[in-house]
Amino acid sequence: MIQVTMMAINFIQLNKRADLGTSKDGRNPNTGNILKVFNKQFSRFCAVRTRTMNQTYQLTNFNMQDTVDLVFRHDPLIQSLLKIQLDGIVYDIVSISPDESFNLDPYDIVTVRKNTQIGSAG
-8 MIQVTMMAIN
2 FIQLNKRADL
12 GTSKDGRNPN
22 TGNILKVFNK
32 QFSRFCAVRT
42 RTMNQTYQLT
52 NFNMQDTVDL
62 VFRHDPLIQS
72 LLKIQLDGIV
82 YDIVSISPDE
92 SFNLDPYDIV
102 TVRKNTQIGS
112 AG
């Protein structure tokens, strides 16, 4: 069983801007072929969460070693059907661990995996 512990997050650590959206059909401008492209719907700041070595070893047993954890301020708009584009790479959401506590600043851990189906139309 994987134990997830929430580390203390300061809002200043949310230093990456992630675009959230869906995929849609687009055209490759060079060949005219139809391909899936990212369709941005909104943006949020996030932080990339570093895993301990123990967590990394545990994830290997669940075939999740190629995933990345992102930390967002709690937001009900972030749902598992969305895609996340960060630093030009599109990711699928694997799981969301929402913080539904009564903390003043709740944060959600969103586990993502690189999407290989969505290309760039431009």
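If you count by this note's numbering, then the sequence shown holds residues -8 to 113, one letter each, in order.
For each residue, glycine too, the CB sits at the ideal point set by N, CA and C.
Whole-angstrom distance between residue j and residue i, CA atom to CA atom
i: V122; j: P97; result: The requested residue 122 is not part of the displayed model; the chain covers only -8 to 113.
i: N24; j: D16; result: 10 Å
i: T22; j: K31; result: 23 Å
i: G79; j: T41; result: 20 Å
i: L26; j: I100; result: 30 Å
i: I75; j: D90; result: 19 Å
i: I3; j: N19; result: 38 Å
i: A9; j: R64; result: 12 Å
i: M(-3); j: V39; result: Unreliable positioning characterises M(-3) in this predicted model, as indicated by a pLDDT of 49, which lies under 50. The coordinate reading is nonetheless provided below. Going by the C-alpha atoms only, they are around 13 Å apart.
Cross-strand partners of residue i (DSSP beta bridge)
i: L11; result: F33, I75
i: T107; result: None; T107 has no bridge partner.
i: D99; result: F63
Nearest-angstrom Cβ-Cβ length linking residue i and residue j, presumed shorter than 8 Å
i: V115; j: T58; result: Because the chain is modelled from -8 through 113, residue 115 falls outside the range shown and cannot be assessed.
i: F36; j: K7; result: 7 Å
i: V85; j: I109; result: With a Cβ gap of about 16 Å, V85 and I109 do not count as contacting.
Nearest to residue i (by Cα), restricted to the options the options
i: D83; options: I3, L95, I69, K105; result: K105
i: T107; options: R18, S88, A9, S14; result: S14
Legend entry - Runs of alpha helix (DSSP H) wholly within the region 14 to 94 (minimum 4 residues, chain order): 44 to 52
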